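Numbers 235 to 671, taken from the working numbering, label the letters of the sequence shown in order.
We treat Cβ as the ideally placed atom computed from N, Cα and C, and that holds for glycine.
On a predicted model such as this, the values are computed, not experimentally measured, just so you know.
Scroll down for the structure; my scribbles are underneath it.
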Amino acid sequence: MPPHFRAPRGTRDLLPGDRPCWDRVERAARVLAGRYDFRRIDTPTFEETALFLRGVGEETDIAQKEIYAVRRHAQGPDADGGAALALRAEGTAPVIRAYLEHGMHTLPQPVKLYYITSIFRYDRPQAGRYREHRQFGAEAIGEVDPALDAEVITLGTEFYAALGIANVKLQLNSVGCSVCRPIYLSELNEYLSDFEKDLCGNCANRFRTNALRILDCKEETCRAVADRAPEITAFLCEACRSHFGAVKAHIRSLEIPFAVNPRLVRGLDYYTKTVFEFWMEGIGAQKAIGGGGRYDGLAERLGGQRAPGIGFGIGLDRVILSMQQQGVSTSDEIRPDVFLISLGERARRSAPGLLRLLRKQGYRAAASYGARSMRSQMRHADRSGAPYGLILGDEEMEKGLIACREMASGQQTEFPLDELVTRFAGLAGRPAARPVS
Ligand code: HAM
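This is the structure in C-alpha cells:
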C-alpha cells in the first residue's frame, strides 16, 4: 500500500545521500561570498504579501499566480495586524526591506549581503522547476558604480567555476530606466499591435499589461514576432547607455565571456539598467541557472529612501542538476569513524558513556541499540561502513579491556578500556580537527 502522506507536489526531500553535494555547493557559496566581502542575511520565511507585490510588480507572473498565501490570524491576542502574509516568493525585496528597516543606509555603502534560502512559487512543476527551490542570492546595495555590477556578475561566474560546472553562458542586457524605457515600450507596443493575433493567450494579455515579457515568451509564434521587434538597447538614454558600456568594458577586461541579448528582460519589474542570466543547456526546459540585475528604484518602490542596488539569485537545485549531468557532483556517503558493539547488560550500560567520550574526541561514532546478538551487531557495523568496530563484552569489561576490530581485515587488538582514547587514536588516527563551535 502506498504511504498516505507524500511530499507536496513540486517539493522534494533532500535525503542524507544528497547532502554531500548540497554541502559542497553551499560551502562554495559561503566561501566565495565571504571573499567578495558579502555578509550573510537571513530574512523570515514569510513576509507581508504587499512587499512582494510592490517589489516584483503587480503584473508579473509571481504576483499574478505564484504567491503562496499564509493563513492570517487577524483576531485575538496574537493578531498579526491583519496584513496578508505570503511565503518568500523571491529574495531581493525582503533584503531591501531589512536594509531599510535596520537603517543600513547609515553604514558605509555599498552594503553587501548574501543568502542561501528557500523560495516558494506556485508554478507547474517540471524538470528543474519546483514549488520550493533554493537560491544563493547576493545583493550589493547603495552604489551605482558599474564596477559593482561587474563584481556581482564575476561572483556568479566564479561560483559555477568553483563547482566545476562548464558551459555556463552569460547573457547580458540593459532594460533602461524610467526615462528611456517608456519610450521603448511605446515603440514596442506600436510594433506589437500589428501582430496581436499571432500572440499566444498569455502574451495577448501581456500586450496590455507587461509587453516587455512577450520578448522572452517560449512559444514559437511569439518568438517569431519577438525576433523582429525593436531592440531596447537602441533606445537607452545617455546615462543607461554609458552605464551599460562601462559594465561591458569591465566584464571584458575581466575576460569573462558574455553575449549581449537584447531580448533578455527578466520576469520581475524592479530591474533598471543591467540585467543578466546564466544559462545552461540540457537541464530541462528551464535553462536559467541564475539571474539578476540592477534595481535602482526598488527601495523607493517599497516606501524607503533611494538605495540603488544590484544582485543575483542562483537556483541551487538547477546548479545541482547541472553538476549531476556533467558528472562533477559529489556522491561520497558519510560514514561513521567507529561503530561500538556492546554485548551483555553491563557493557550496554557503559555504551552511552563510551560513545560520548569518542564523540568528545571528534570521532563520528555509531552503535546499535537494544539487546542484539553479536552477529546482528557485526552486520550492522559492516553496513554502516565504519572502518573500525569497538567490541565491548561483559567478560572484557570484567578484565577492564576493549577490543578494536579493523572491519576490512577482521584483525583485532585488545587494550585497556581506560586507555581507549590514546590507543584508539594510535590505531585509527586522530579525527580531523572538527571544532564544534
Ligand atoms: P529569478 O530569475 O526569479 O530571480 O530566480 C533566480 C534563479 O532561481 C533562476 O535563474 C533559477 O535558477 C532559479 N529558479 C527560479 N524559479 C525556480 C523554480 N521554480 N524552480 C527551481 N529554480 C528556480 C530572482 O528571484 C531575483 N530575486 C534575483 C535577483 C537578486 N535579482 C537581483 N537580485
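Buried or exposed by the 16-neighbour rule on C-beta atoms within 10 Å, applied to residue i
| i | result |
| --- | --- |
| A317 | exposed |
| F478 | buried |
| D276 | exposed |
| A400 | exposed |
| N423 | exposed |
| T647 | exposed |
| Y603 | exposed |
| S563 | buried |
| H484 | buried |
| P488 | It is worth fixing the name first, because residue 488 is Leu in this sequence and not Pro. Per the 10 Å Cβ criterion, exposed. |
| G325 | buried |
| L249 | exposed |
| E653 | exposed |
| K431 | exposed |
| G524 | buried |
| G663 | exposed |
| G289 | buried |
Distance CB(residue i)-CB(residue j) smaller than 8 Å
| i | j | result |
| --- | --- | --- |
| P359 | R368 | no |
| V655 | L555 | no |
| G527 | V553 | no |
| A193 | H336 | This structure cannot settle anything about residue 193, because the visible part of the chain is limited to 235 through 671. |
| G362 | G518 | yes |
| V321 | F280 | Per the sequence shown, the amino acid found at residue 321 is Leu instead of Val. Result yes, Cβ atoms of L321 and F280 sit closer than 8 Å. |
| A642 | F573 | no |
| V378 | D530 | yes |
| P254 | I548 | no |
| A323 | I353 | yes |
| T391 | E293 | no |
| L334 | A533 | yes |
| A460 | R497 | yes |
| R649 | R639 | Reading off the sequence, residue 649 comes out as Phe, not Arg. No. |
| Q445 | L419 | At residue 445 the sequence reads Ala, which differs from the Gln that was named. Taking 8 Å as the Cβ cut-off, A445 and L419 qualify as a contacting pair. |
| L502 | G291 | yes |
| A585 | A601 | yes |
| L661 | L626 | no |
| R355 | L285 | no |
Residue i - partner residues in DSSP beta bridges
| i | result |
| --- | --- |
| K346 | A374 |
| V494 | L406 |
| T277 | Its beta-bridge partners do not exist; DSSP assigns none. |
| P650 | L635 |
| Q595 | DSSP lists no partner for Q595. |
| V572 | A599, Y622 |
| F512 | L404, G524 |
| L341 | Bridge partners of L341: none, in fact. |
| H367 | I353 |
| E424 | For E424, which the question treats as bridged, DSSP gives no partner whatsoever. |
| F658 | None; F658 has no bridge partner. |
Below-8 Å beta-carbon distance, residue i vs any chain B residue
| i | result |
| --- | --- |
| T564 | No chain B appears in this structure, which consists of one protein chain only. |
Count the CB pairs spanning the segment 359-375 and the segment 468-476 that are closer than 8 Å, and state whether there are at least three.
no
Segment contact, 8 Å Cβ cut-off, at least three pairs: the segment 434-453 with the segment 376-388
Not touching, per the Cβ criterion.
Quick test of the definition: if touching needs 3 or more C-beta pairs under 8 Å, does the segment 600-611 touch the segment 557-568?
no
Cβ pair count under 8 Å reaching 3, the segment 348-355 against the segment 493-505:
The segment 348-355 makes no contact with the segment 493-505: fewer than 3 CB pairs, one atom from each, lie closer than 8 Å.
Does the segment 455-471 come close enough to the segment 402-420 to have 3 or more Cβ pairs within less than 8 Å?
yes
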